[in-house]
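Chemist: Our numbering applies: residue 102 is where the sequence shown begins, and numbers increase by one.
The C-beta atom is built at its ideal place from N, Cα and C for all residues, glycine as well.
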Amino acid sequence: TTLNTDMAIAGPGFFTIVSEATGKESYTRNGQFSYDKEGFLSTLRGGRVQALKVDRVTGESKGIPGALKVLGLVDAPRPTGDGSRGTGLIIAANLDANAVVKDVPVDPTNVLDSMYNFATSTTVYDALGNSHAATIAMRKRPDLPEQIDPGTGQPIAGTGVSNQWEYYMMFDGASLGQVPGTMVAVGGGFMQFTADGKLIAATGGSFEAQPGGVGPDGEPLPAGPPRLIPQPVNPDTGVPQFAVPFGGSNPIILGLHLGDGYNPDDPTDPRSGLDGITQFAGSYNVLQTSADGNPAGTLESIFLEDNGTVNGVFDAGYTRSIGRLVLTKFDNPGKLAQVGDNMLV
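1. Using only the alpha-carbon positions, how far apart do Y136 and G173 sit?
2. Output needed for P281: all residues of its chain with C-beta closer than 8 Å, excluding positions within five of it in sequence on either side, in chain order.
3. How many angstroms separate the CA atom of I403 from the CA atom of D416?
4. Run through the region 342-396 for me and flag every whole beta strand (DSSP E) of 3 or more residues, listed as ranges in chain order.
5. Would you kindly check if the distance between the Cβ of K241 and the Cβ of A200 is under 8 Å?
6. Short check: CB of G305 to CB of Q279, under 8 Å?
7. If you run the structure through DSSP and keep just helix, strand and coil, what is M216?
8. From V340 to L375, what distance separates their C-alpha atoms?
9. Going by C-alpha distance, which of G254, A177, P336 and P327 is nearest G230?
10. List in chain order: all unbroken beta strand (DSSP E) runs of 3+ residues lying wholly within the region 150-178.
11. Could you say which of N386, R179 and Y217 lies nearest to W266 if we only look at CA atoms?
12. Look at G298 and A198 and say whether their C-beta atoms are less than 8 Å apart.
13. Report yes if the C-beta distance between A235 and T223 is below 8 Å; otherwise report no.
14. Are the C-beta atoms of D227 and some chain B residue less than 8 Å apart?
15. Excluding the 5 residues preceding and the 5 following T338 in the sequence, name in chain order all residues of the same chain whose CB lies nearer than 7 Å to its CB.
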């Protein structure tokens, strides 16, 4: 395996090199690098090039400078995130405001196409790096005209509701250790839109069992499918979260970004209500469906950005930053002493 490790500096500064044998620093502008027997980026004489680690979510430098592993670098799997720091699933799409309300109730244990209006999918990863297709299904709710309680003169709770949709996060049963080929909802929630189609808010939701009753003839009635009820979002992440037991094992938490929403009654609210899900007349239109996370991978090649970020291309089909080179600057570089092999101290 070979890697293109030649680099150059535009402007002032020196690559920072540390001797593996002595631990001493030296400096060079010669960017003809290779890798040592342990796979670290190094000079041709074996001094290790220093770099900072890069936060996989924010892209910011972190930690203290150290040697940069390149050859034979194995990347551990990273599960899809819980919604914090922009991780998790991100969905941006338009829902047709003229969609017809479905009359088939949703059974979360066996979700059929006839139960929702629209769906979109993306790939997520569990803690072992296995991939799973996460499907977000959208279902329009009926508008309920406002009704007034004649006794109090106040609106009756649950009436006067319009421009609402339900959503469900679901997986093939095979991903959950259940019946393959059956779509199973692990959770859901509600979205409220303004009259002109902007998202006000998206809530979380959980399923509540519906017990059976007694018919007019005294015979017991069977229980209905579990019903979706709203739940507040996690205040730490600001997005709905769902516990997903991939393979029937301990669940991981997936976050779902559907948009920031906004307050139409607050003219100072800087949010637009247009950055995620919208509800305008016209066709369904997906603008973004994505999720973070990745399977395990082995580094195949690297490339360098202008700011010194070293990006790795992995055999599992993804790219991520693996380090950021450290340049050392001196007020008077002319006082540095030559020690051979284009190295200065």
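Modeler: Judging by the given coordinates:
1. 10 Å
2. D273, G274 and A275
3. 12 Å
4. 342-345, 353-358, 378-381 and 386-392
5. yes
6. no
7. helix
8. 16 Å
9. A177
10. 162-168
11. Y217
12. yes
13. yes
14. The structure shown contains no chain B; it is built from a single protein chain.
15. D183, G184, S185 and G356
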